[in-house]
Each structure stands twice: as structure tokens, then as C-alpha cells.
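Numbering (our numbering), first residue to last: 34 to 372.
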């Protein structure tokens, strides 16, 4: 029969075995590279572990490790998709009414990440469902205040930005430990084929209008660049002409000053020289004569003919000297023969 000491010893041994088993089974955990762990002690998050590897903790129920993803998650709002990403069906959240009372099927993809594990685990029972409902509400609010043409054509980027801003504000107000990174409209469809065709024609017309506008802007920029280049060339030529005329004016000023100095030294001679030079410039092929009206015998003196006559006389004199020397040699030859 067991005594009290044996019972107590057996109880503590069993307790030690239980604690050892709990430590072996619940005293360690593993964190992958794409995960993070929230270490919970008696229902309170004490530490967030982000480094991958094998980690140890106090056994359950003292401590518990909740493994959460750190990668970016995607949430589909308004549609179901196949494995390859194709839209297979729209749900009720996709049916929306625009500000001009048109019905559209609009679906959205939300990129989000867990940034506060404690809020994510304890501030909400189902944070992903809250994110889903907030995304749907933000999308409906923006679509409900937009016109159908804007949603179907060139205002999708602005709509996505407005949805992201509204959704981020809601999630921060709820405090569920989630950060929204981006939102993207997937498909915007009309309810019937006839309406789709009509809006497709409108979309094509708007795209063609934008193309024409871009071509016109490109042509305008080209013409403006050519005009700017021509303007610069004209300005450059004008600057060159201006510099040339300034230098020419400076040269003429220097010549005039030099001529003025000569005139001040001897006005009469300078005046006559200027008259003669002007006549030579005005009448380059004419003969000049100096007329003397004070004498009766010689009334004019031809300048250039006298130069010509003097040149001709000098030439005749040289030729006569050459012929005289030849005759003298001939006479000497005759005398020798006579002898």
C-alpha cells in the first residue's frame, strides 16, 4: 500500500513529465522568410519576431506563437477568378450605380499587408472581412459620385487614387493592423451587349480625339522649334551686321579724324586733294585737265596726256640711242674695210 510520500513523489514526477512533454511539443516554433511571429504571453503580445529560423519559447499555456505572413496579400472585391487570373463570375458587390444613374459591373483588387500583429490579432475578429467590406464601400462611394464615361474611359487612374485614399482612411480609423498598399480596377463592364458596343464606340472616338490632339501638339511643338531656330538665326545675323557696321563706322571715324588733322595743317592742299580724289572716284575713265584762265596762250593743261607724251618721248629717246650706237659700229667697220 502506497504512503503519502510516495503519492506526492509520483504527483510531482507526473507533473514534471507533463511539463517536459509540453515543452517538447509547444516550446519551439519555426519562422520562415515570408512569415513573422507574434509571441503572446498570457493573451498579450510581448514580441514580434521577423528573423527566420528555429525559435524557443515558454510552453503552452504560458506563451503562444501566432505565425502571420509578411508578404503582400491580394483581396478580390466583386468577382471570382480562375487560377490564371481570368474573371469567371461577378458577385453582388460588383453591381454599382454611377452618379448619372447607369449600372456597371466593377471589380477591384486590393494589395495589403499586416503591419501591426497585435492589432490584427486582438482588435478585430475577422480583419480580412472588415477590409473586404471597407474596400467595397470605398469603391461604391467613388463610383456613385462619378459619371459612367469617366469610369469607362480615361478617368480610371483618378478613380483608383480616390478609392485608395478613402480606403486607407477607413482602415486607419478601424485600427486592425493592416496597411493598404495599392488598389487596381480590373474590369469595368456594362450590363448589356448593345450598351457595351455604344460605349466602345464612344471610347474609340475619345481615343481618336486624344490621338489627334497629341499629333496637333507635336506639330505645334515642331513648328515652334523651327520658328525659334529661325528667330535665333535672324538675331545672330543681325548681331553680326551690327558688329560689322560698328567696326566700319569706327574705321570711317578714324579716317575722318586723320583727314581732319591733315586739313587743319594745310586746308588748301587738302581741299584740292579731296577734289581730285573725288573726281577720280566719280569719273574713273575720264581725262583730267587743269584750266588756267589767267593766261591767253595756254588755257588748259592736260595732265594725263602729258604723262603719256613724256612716256612716249622717253621710249623714243631710248630707241634713238640704240640706233645711233648701231650706226657707229657700222661706220667703224667701213673704215677698216677701206683701209
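Beta carbons: idealized from backbone N, C-alpha and C, even for Gly.
Could you tell me the alpha carbon to alpha carbon distance between residue i and residue j, rounded to whole angstroms?
i           : j           : result
residue 190 : residue 97  : 44 Å
residue 172 : residue 94  : 43 Å
residue 219 : residue 257 : 41 Å
residue 135 : residue 181 : 7 Å
residue 209 : residue 235 : 43 Å
residue 49  : residue 74  : 21 Å
residue 80  : residue 247 : 57 Å
residue 284 : residue 310 : 19 Å
residue 77  : residue 106 : 25 Å
residue 240 : residue 233 : 10 Å
So what's residue i in DSSP terms, helix, strand or just coil?
i           : result
residue 334 : Residue placement at residue 334 is poorly supported in this model, since its pLDDT is 47, which falls under 50; the coordinates still yield a value, given next. Residue 334: strand per DSSP, three-state reduction.
residue 317 : coil
residue 50  : helix
residue 219 : strand
residue 144 : strand
residue 37  : helix
Taking the DSSP output, what are the residues bridged to residue i?
i           : result
residue 89  : 61
residue 102 : 68
residue 129 : 137
residue 82  : 70
residue 96  : 74
To the nearest whole angstrom, what separates the beta carbons of residue i and residue j, a pair I think is in contact under 8 Å?
i           : j           : result
residue 110 : residue 159 : With a Cβ gap of about 15 Å, residue 110 and residue 159 do not count as contacting.
residue 184 : residue 168 : Not a contact, Cβ separation roughly 17 Å.
residue 164 : residue 211 : 6 Å
residue 213 : residue 204 : 6 Å
residue 147 : residue 101 : 5 Å
So the candidates are the options; which of them puts its Cα closest to the Cα of residue i?
i           : options               : result
residue 65  : 182, 156, 84 and 297  : 84
residue 152 : 105, 100 and 207      : 207
residue 104 : 113, 78, 132 and 69   : 69
residue 138 : 217, 72, 221 and 277  : 221
residue 199 : 217, 179, 170 and 186 : 170
residue 145 : 37, 217 and 318       : 217
residue 92  : 275, 61 and 238       : 61
residue 215 : 237, 223, 230 and 192 : 192
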